[in-house]
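Protein chains in written order, with my numbering: chain A, 406 to 741; chain B, 6 to 336.
Every residue, glycine too, gets a C-beta built ideally from N, C-alpha and C.
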Amino acid sequence: MVTSASKPLLVVEDLGVGIRTARGTFQAIEEVGFALDEGEVLGLVGESGCGKSITALAIMGLLPQPVARITGGHVWFDGTDLAALSNEQMRHVRGDRLGMIFQEPMTSLNPVYRVGDQLVEALREHRPLGRGEAWREAVAMLDMVGIPAARDRASTYPHELSGGMRQRVMIAMALICRPRLLIADEPTTALDVSTQAQILDLLLSLKRELGMAIMMITHDLGVVAEVADRVAVMYAGRIVETADVFELFRSPRHPYTDALLRSIPRLDSDLDRLVAIEGTVASPLARPSGCSFRDRCPRARSRCADAVPPLDPLAPGHRARCFFPVEPGARAVEPA
Amino acid sequence: MTALLEVKDLKTYFAVRSPLLRRKVGQIRAVDGVDLRVEAGRTLGLVGESGCGKSTLGRTIVRLLEPTEGQIRVDGVDVTRARGRDLMTMRRRVQMVFQDPYASLNPRLQVGDAIGEALDIHKLVRSRGEKRERVATLLDKVGLGAEAMARYPHEFSGGQRQRIGIARALVLNPELLVADEPVSALDVSVQAQVINLMRDLQRDFHLGYLFIAHDLSVVRHISDEVAIMYLGRIVETGPKTTLFAKPRHPYTRGLLLSVPVPDPTRRRGAHAPLAGGLPDPADPPQGCTFHPRCPYATELCRLERPELRPFGDAQTVACHHAEEVAASDPS
Chain A
406 MVTSASKPLL
416 VVEDLGVGIR
426 TARGTFQAIE
436 EVGFALDEGE
446 VLGLVGESGC
456 GKSITALAIM
466 GLLPQPVARI
476 TGGHVWFDGT
486 DLAALSNEQM
496 RHVRGDRLGM
506 IFQEPMTSLN
516 PVYRVGDQLV
526 EALREHRPLG
536 RGEAWREAVA
546 MLDMVGIPAA
556 RDRASTYPHE
566 LSGGMRQRVM
576 IAMALICRPR
586 LLIADEPTTA
596 LDVSTQAQIL
606 DLLLSLKREL
616 GMAIMMITHD
626 LGVVAEVADR
636 VAVMYAGRIV
646 ETADVFELFR
656 SPRHPYTDAL
666 LRSIPRLDSD
676 LDRLVAIEGT
686 VASPLARPSG
696 CSFRDRCPRA
706 RSRCADAVPP
716 LDPLAPGHRA
726 RCFFPVEPGA
736 RAVEPA
Chain B
6 MTALLEVKDL
16 KTYFAVRSPL
26 LRRKVGQIRA
36 VDGVDLRVEA
46 GRTLGLVGES
56 GCGKSTLGRT
66 IVRLLEPTEG
76 QIRVDGVDVT
86 RARGRDLMTM
96 RRRVQMVFQD
106 PYASLNPRLQ
116 VGDAIGEALD
126 IHKLVRSRGE
136 KRERVATLLD
146 KVGLGAEAMA
156 RYPHEFSGGQ
166 RQRIGIARAL
176 VLNPELLVAD
186 EPVSALDVSV
196 QAQVINLMRD
206 LQRDFHLGYL
216 FIAHDLSVVR
226 HISDEVAIMY
236 LGRIVETGPK
246 TTLFAKPRHP
256 YTRGLLLSVP
266 VPDPTRRRGA
276 HAPLAGGLPD
286 PADPPQGCTF
296 HPRCPYATEL
306 CRLERPELRP
316 FGDAQTVACH
326 HAEEVAASDP
336 S
């Protein structure tokens, strides 16, 4: 896969997050590691509870403390270990070199301030600009994210905008300081497909224009296939497979990834029955020993209960956390 | 042949009232003249984006909302204005499955009681034992097992709760299930389980489904026939294979092209197929309501609303330019 550059911008190493609950403390994520190059799009995929959002919050220093805290590992961003920064230091990085957008724009937009004012505030937090100059920047940014009549819209309140427009405002806010990395947590999940297509187009064109990298967190394999250069699949708090997007969809090696790809109904083929993954994800307080997927895995043998498999390289750039990986290119269900 | 469900020119309007004096200042035509049929043992998939009126249509059909005009027939019997005993009889035949079963399950009621409740209301069992037996059989049927009876909704995962919701809908032995986004809150792996379950139950009980969803891939998988809805009206219908292979309405075509395919070798490319968004339903565009977003729109579309008309062997389409859309097929 060709990416615009190959210097890692973000390197996550061995990251762990513990969460305290009334029923005890558990590891929400463990041994999470991946790298993201400049200008690259990484898709972080998994089902609810797999730890993908916790990973994002840990990188951004937004874990709900003291309930959740980083228990180990590093987050190297542009040469700095974000995991070691104080809250104060982190505030200078966040919103400046590191932007983020979430699923539900209304939770991150302040309903009582005009859209333009919120952009101005986000910009002046990090740049020594006067109000007038910042307002002009804000309008330019709203225009850049495709909001029609940006000058007028800057004076409206969030509730006056449609869902798709709000998500555009969110993106404008995240990008107003021209970040090197945008972390997008399910940015299109609450949107209709036609609006989703518009927002994905926008993100990709802004990425090219601004030369930023994107970490796209999603449960939707279609979205990943559409936008990602590389993919990391998470299951029960760990990364179980990572590969170039073409390689991953052509030849998934972890039985979970393989099963996930078979379980989705597709627009481009007719199957009589979907291949469902039996059972459910184990509660993080009661994960099975060894491989967390083994109780749902058709390939599991006794060895899988003894130890957590390492994230082994199986091909250049392709790793899977499995003792008995799926044979390369063995996908039985091919699109028609 | 009499259809299991036949809906004719159905309309559900909501009044828009001024916040202060509650005076009627306008109306939203959430469902605005819909015709559809569901045959016994078959699935009609109803697709549309949020705000198109598909949920309102579903709720009107099961009579949770009062229809403004039109007709709803279940097996030939007009139930549009059914009251009292007639409504009870209709409810026994037509049941609903909701997106979020947790919101529709009483958290303080054991699962067995929640499912069995309707049997008491409709006086269909003579003893507690008979009720227990019926509920246990159903729980088995939906893959939960009788031991679920004495547990509470919060003890179950999302997929299991949807199984409970389905069991509750089936307890009266209905012929038609109206399922409103039944799998859209579930993770993909669990979604597949519930879809497979619904297909098995359909075969075993010869159920008709009105399957309402926004996810085109799911609808394609489960449906026999498909209807596409836009701003309160059906804009296209057809057997699923034909409709998905040869969409004749520009909206259907745009919708299909918008779905991201889980295959990176078949990326859509740069341009979003549908520009703009849903217009204000309180003030819909004149003529064809889709014309402001439509690449085929002409003067005619701005003036005259296209009626649903037959196209080809099995499709119907509400578009003045369906022939043109067909001619531009990329085949």
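1. For the stretch 522-602 of chain A, list the beta strand (DSSP E) runs that are entirely contained and at least 3 residues long, ordered along the chain.
2. Is the distance from the Cβ of V123 of chain B to the Cβ of L177 of chain B below 8 Å?
3. Going straight from the alpha carbon of V520 of chain A to that of L51 of chain B, what length do you get?
4. For the alpha helix (DSSP H) that contains E443 of chain A, what are its first and last residues?
5. Kindly indicate if chain B contains any beta-carbon less than 8 Å away from that of P592 of chain A.
6. Just the C-alpha distance for P740 of chain A and L676 of chain A, rounded to the nearest angstrom, thanks.
7. Looking at the C-beta of P715 of chain A, does it have a partner C-beta in chain B at a distance below 8 Å?
8. Any Cβ of chain B within less than 8 Å of the Cβ of F823 of chain A?
9. Could you tell me the boundaries of the beta strand (DSSP E) in which M505 of chain A lies?
10. Using a Cβ-Cβ cut-off of 8 Å, state whether G448 of chain A counts as contacting chain B.
11. Show which residues of chain B have a CB atom less than 9 Å away from the CB atom of H624 of chain A.
12. For L221 of chain B, which residues of its own chain have a beta-carbon under 7 Å away from its beta-carbon, when the five flanking residues on both sides are left out?
13. Ordered along the chain, which non-local residues of its own chain (more than five positions away) have a Cβ less than 6 Å from that of P413 of chain A?
14. Taking DSSP as the reference, what is the three-state secondary structure of L609 of chain A?
15. What is the rounded straight-line gap between the Cα of S458 of chain A and the Cα of A589 of chain A?
16. Under 8 Å between C-beta atoms, does S162 of chain B make it to chain A?
17. Classify Q320 of chain B as helix, strand or coil using the three-state DSSP reduction.
18. I'd like to know if R643 of chain A contacts chain B, where contact means its C-beta is closer than 8 Å to some C-beta of that chain.
19. With a cut-off of 8 Å, does the C-beta of P267 of chain B fall near any C-beta of chain A?
20. Could you spell out the range, first to last residue, of the alpha helix (DSSP H) harbouring Y256 of chain B?
21. When DSSP builds the beta bridges, which residues end up paired with F482 of chain A?
22. Would you identify the three-state DSSP class for M93 of chain B, choosing helix, strand or coil?
23. Rounded to the nearest angstrom, what separates K59 of chain B and G438 of chain A at their Cα positions?
24. Quick check: what's the CA-CA separation for A45 of chain B versus V223 of chain B?
25. Give the residues of chain A in contact with A277 of chain B, contact being defined as C-beta atoms less than 9 Å apart.
26. What whole-angstrom Cβ distance do G429 of chain A and L690 of chain A have, given they're in contact under 8 Å?
27. Between which two residues does the alpha helix (DSSP H) harbouring D209 of chain B extend?
28. Quick one: using the 10 Å Cβ neighbour count with 16 as the cut-off for buried, is I227 of chain B buried or exposed?
29. Can you list the residues of chain B that R678 of chain A reaches, using a CB-CB cut of under 7 Å?
30. Please classify V645 of chain A: does DSSP put it in a helix, a strand, or coil?
31. Out of curiosity, what's the CA-to-CA distance linking A737 of chain A and R704 of chain A?
32. Between F698 of chain A and chain B, is any beta-carbon pair separated by less than 8 Å?
33. Can the beta-carbon of C709 of chain A be found less than 8 Å from the beta-carbon of F728 of chain A?
34. Once the 5 residues before and after T460 of chain A are set aside, which same chain residues still bring their CB inside 6 Å of it?
35. Measure from the C-beta of I576 of chain A to each C-beta in chain C and report whether the shortest distance is under 8 Å.
Considering the structure as presented:
1. 586-590
2. The identity of residue 123 of chain B in the sequence shown is Ala, whereas the question assumes Val. Going by C-beta atoms, A123 of chain B is nearer than 8 Å to L177 of chain B.
3. If I take the Cα positions, the gap works out to 36 Å.
4. First-last for E443 of chain A: undefined, no H or E at that position.
5. no
6. Any answer about P740 of chain A is weak, because its pLDDT of 44 lies below 50 and its placement is not dependable; what the coordinates show is given next. Distance between the alpha carbons of P740 of chain A and L676 of chain A is about 10 Å.
7. no
8. The structure shown does not extend to residue 823 of chain A, since chain A is modelled only from 406 through 741, so no value can be given for it.
9. L503 to I506
10. no
11. D192 and V193
12. V52, L260, L261 and V264
13. A440 and D442
14. helix
15. 10 Å
16. yes
17. strand
18. no
19. Yes, P267 of chain B counts as interfacial toward chain A.
20. For Y256 of chain B, the uninterrupted alpha helix (DSSP H) run begins and ends at P255 to S263, by DSSP.
21. A:L415 and A:T485
22. helix
23. 44 Å
24. 21 Å
25. S599, T600, Q601, A602, Q603, I604, L605, D606 and L607
26. 6 Å
27. V193 to F210
28. buried
29. N201
30. strand
31. The predicted model places A737 of chain A with a pLDDT of 46, which falls under 50 and marks its position as unreliable, so this point remains unresolved.
32. no
33. yes
34. I434 and V437
35. Among the chains of the structure shown, chain C does not appear; the protein chains present are A and B.
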